[in-house]
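Undergrad:
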C-alpha cells in the first residue's frame, strides 16, 4: 500500500496507532484493487488455463500434462510474488470443482445445490434487514433466473420505500403485506423451479 494511503486507513487503539501496509478489506475500492492486482500477477495465464476471483484461483486444462504445466507456472508466480497458499484449501486434478458458489466441470457451470436449498428454505423476510439479506442472496443467482429484475422489482421497490430517509433499529419491523401473495410466492420460489 502506498505510504500516503496508509494514513487514511490508520487505526487508533489504546496502545497507539496501527498503520496498515496492506490493503484492508472494507474500503470502497479494496476488492477491485485486490482483483486487479491478482489479475496482473497472473496475467500470463489469466483466461489461458486460469480463472481468478479475488483470491480464488481455478485452473483448467484438456490434459493432465497441460494442468501440470499450468500448476508449475502458478506456483512459480506465487513464489516470485511472495504469495502463500493454504494447502488445506487447495485441490488438484478434479473433474468437478466448487468455485465461488458454483460447480464447474467439463460439462459446464451450475449453481451449488446446497446454496439453492439454503436460499429456497429461507423464511419470508419480516424486517428490512431480512429483506435486504434475501435480495442480496438472490442476487448471486440472477444470471440463471430468467426475468430476474421483473421478479425482484416489487421487493426492491419495497426495500427502497422502507429505507428512504428512515432510521430503523434492528427490532423495528415492516410488513410484506403490501405485496400480493402471488408476487411474494414468485419472488421467493422463482429460482427453485428453474434449477
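Residue numbers (my numbering): 234 to 428.
The beta carbon of each residue, even a glycine, is placed where N, CA and C say it ideally should be.
Because the structure is a prediction, the values reported are computed rather than measured.
Just list the beta strand (DSSP E) runs in the segment 298 to 381, keeping only unbroken ones of 3 residues or longer that don't cross its boundaries, in chain order.
TA: Taking only runs of at least 3 residues, the beta strand (DSSP E) segments lying wholly in the segment 298 to 381 are 329 to 332, 335 to 338, 341 to 344.
Undergrad: Quick check on this structure: which residue in 385, 293, 378 has the alpha carbon closest to the alpha carbon of residue 341?
TA: Of the listed residues, the one whose Cα sits closest to residue 341 is 293.
Undergrad: I'd like to know if the segment 319 to 326 and the segment 351 to 367 are in contact, where contact means that at least 3 CB-CB pairs between them fall below 8 Å.
TA: Judged by Cβ distances under 8 Å, the segment 319 to 326 makes no contact with the segment 351 to 367, as fewer than three pairs qualify.
Undergrad: Using the Cβ count rule (16 or more neighbours within 10 Å means buried), how would you classify residue 283?
TA: So residue 283 counts as buried.
Undergrad: Under 8 Å, do residue 302 and residue 275 count as touching if we go by C-beta distance?
TA: Going by C-beta atoms, residue 302 is not nearer than 8 Å to residue 275.
Undergrad: Tell me whether residue 279 sits in a helix, a strand or coil according to DSSP, three-state version.
TA: In the structure shown, residue 279 sits in a strand (DSSP, three-state: E or B).
Undergrad: Tell me the DSSP secondary structure of residue 268 in three-state form.
TA: In the structure shown, residue 268 sits in a helix (DSSP, three-state: H, G or I).
Undergrad: Rounded to a whole number of angstroms, what is the C-alpha to C-alpha distance between residue 315 and residue 307?
TA: Spanning the two alpha carbons is a distance of roughly 12 Å.
Undergrad: Going by DSSP, what residue range makes up the alpha helix (DSSP H) through residue 236?
TA: Its alpha helix (DSSP H) spans residues 236 to 239.
Undergrad: Compare the C-alpha of residue 241 against each of 247, 368, 260, 248 and name the closest.
TA: Out of 247, 368, 260, 248, 260 has the C-alpha closest to the C-alpha of residue 241.
Undergrad: Since residue 289 is in the beta strand (DSSP E), which residue starts that stretch and which ends it?
TA: Segment 289 to 292, the beta strand (DSSP E) holding residue 289.
Undergrad: Which residues mark the beginning and the end of the beta strand (DSSP E) in which residue 257 is found?
TA: Neither: residue 257 is in no beta strand (DSSP E) and is coded neither H nor E.
Undergrad: Going by alpha carbons, who is nearest to residue 281 out of 270, 300, 269?
TA: When only C-alpha atoms are compared, the closest one is 300.
Undergrad: Taking the Cβ atom as the reference point for each residue, do residue 337 and residue 330 lie within a distance shorter than 8 Å?
TA: Contact flag set, yes.
Undergrad: What separation, rounded to the nearest whole angstrom, lies between the Cα atoms of residue 371 and residue 289?
TA: Taking the straight line from one Cα to the other gives about 22 Å.
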